[in-house]
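Residue numbers (the numbering used here): 388 to 725.
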């Protein structure tokens with residue numbers, strides 16, 4: 388019997404914080420039809436003519452703040468998790484790490500699995516909640532490549548793990564050590580997505596944004612809905628920490644463009660809380676398994692500055708799963724049993 392192949396995939400990172408590399412990354416990322424899901428011609432004009440040329444230099448400055456002597460935190464933690472899960476799974480498995488955009492690439496990782504003559508491949512996107520623009524894009528890219536192979540091994544895909552007990556416990560444990568510091572409120576800030584992408588996932592056509600509190604609980608109609616899964620993740624972490632509903636708010640960050648995105652927006656929640664006299668915020672970001680630009684910079688610096696300008700005093704980020712041994716245990720269970 389040959390080995391079982393495991394492909395773990397995260398979103399990606401520029402190869403360096405230089406403007407050229409950041410532009411290259413943004414171009415590949417934003418030209419993905421599942422990320423900016425509009426007419427291809429309009430997407431090309433928007434991305435190549437406006438966003439990449441003008442946003443590239445600004446984003447490069449932000450990536451320089453994020454960068455460490457070892458490189459991008461997303462890739463650093465990715466490599467550590469890759470090594471740890473290889474050791475955990477043992478010799479019966481061949482594990483590869485890839486990024487959806489840039490390096491290490493999905494085509495190269497799949498080629499290594501092919502050359503290893505694995506009997507099967509399980510694709511594990513490292514996104515707890517399903518979204519077409521993240522998990523769906525990884526699945527799409529893998530199928531695009533593998534369909535050209537003459538011999539295609541058994542292939543399976545993990546769709547999501549938003550309610551995995553092991554993952555929930557790690558997030559809760561990371562937050563628990565801060566809870567005795569007298570927070571006025573707790574935020575669960577997830578990455579945002581356009582509302583149109585939520586509607587596209589609703590195959591019933593009668594649920595998304597049409598039913599009151601359509602995302603508050605998981606149902607047959609919204610079981611693949613990103614926001615419904617985000618809500619469930621936050622609820623489970625809150626339950627683990629014994630938080631009542633009045634103690635926390637679920638919100639969405641990283642909005643791009645003028646179209647309506649899933650709400651409430653994190654920036655608007657900060658304004659509302661500051662207006663109510665809230666001074667100290669503890670923030671979880673459970674859409675990310677690794678700390679990255681969206682957590683380390685966007686929450687810890689940009690939102691912290693916004694909140695202080697509004698009269699707040701402190702924003703504390705709860706670190707992500709990163710390379711916590713308990714997360715490696717949970718990931719092993721996800722790989723073996725999902």
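Heads up, the beta-carbon is just placed ideally off N, CA and C, and yes, glycines get one too.
Everything numeric in this text was worked out from a predicted model, so none of it was measured.
{"Asked": "Between the CA atoms of residue 488 and residue 457 - distance to the nearest angstrom", "Found": "19 Å"}
{"Asked": "Rounded distance between the beta-carbons of residue 421 and residue 524, thought under 8 Å", "Found": "4 Å"}
{"Asked": "Local conformation of residue 675 per DSSP, three classes", "Found": "coil"}
{"Asked": "DSSP beta-bridge partners of residue 648", "Found": "581"}
{"Asked": "Within 7 Å, strictly: CB atoms of residue 649 and residue 639", "Found": "yes"}
{"Asked": "Nonlocal neighbours in the same chain, by C-beta distance under 8 Å from residue 406, ignoring five residues either side", "Found": "443, 444, 447"}
{"Asked": "Cβ contact (3+ pairs, closer than 8 Å) linking the region 570-590 and the region 609-620", "Found": "yes"}
{"Asked": "Beta carbon of residue 532 nearer than 7 Å to that of residue 494", "Found": "yes"}
{"Asked": "C-alpha distance - residue 656 paired with residue 575, whole-angstrom precision", "Found": "11 Å"}
{"Asked": "Residue 677 versus 428, 593, 582, 396, residue with shortest Cα-Cα distance", "Found": "396"}
{"Asked": "Separation of residue 521 from residue 398, as counted between CA atoms", "Found": "7 Å"}
{"Asked": "Sheet register partners of residue 703 (DSSP bridge)", "Found": "669"}
{"Asked": "Coil, strand or helix - residue 730 by DSSP", "Found": "Nothing can be reported for residue 730, as the shown portion of the chain is limited to 388 through 725."}
{"Asked": "Residues near residue 512 by beta carbon distance below 7 Å, same chain, minus five either side", "Found": "396, 521, 522, 525, 545"}
{"Asked": "Residue span of the alpha helix (DSSP H) that contains residue 689, given as start and end", "Found": "Unbroken run through residue 689: none, as it is neither H nor E."}
{"Asked": "Bridge partner(s) assigned by DSSP for residue 483", "Found": "394"}
{"Asked": "C-alpha distance - residue 490 paired with residue 663, whole-angstrom precision", "Found": "45 Å"}
{"Asked": "Uninterrupted alpha helix (DSSP H) stretches inside the region 406-438 (no shorter than 4 residues)", "Found": "406-417, 427-433"}
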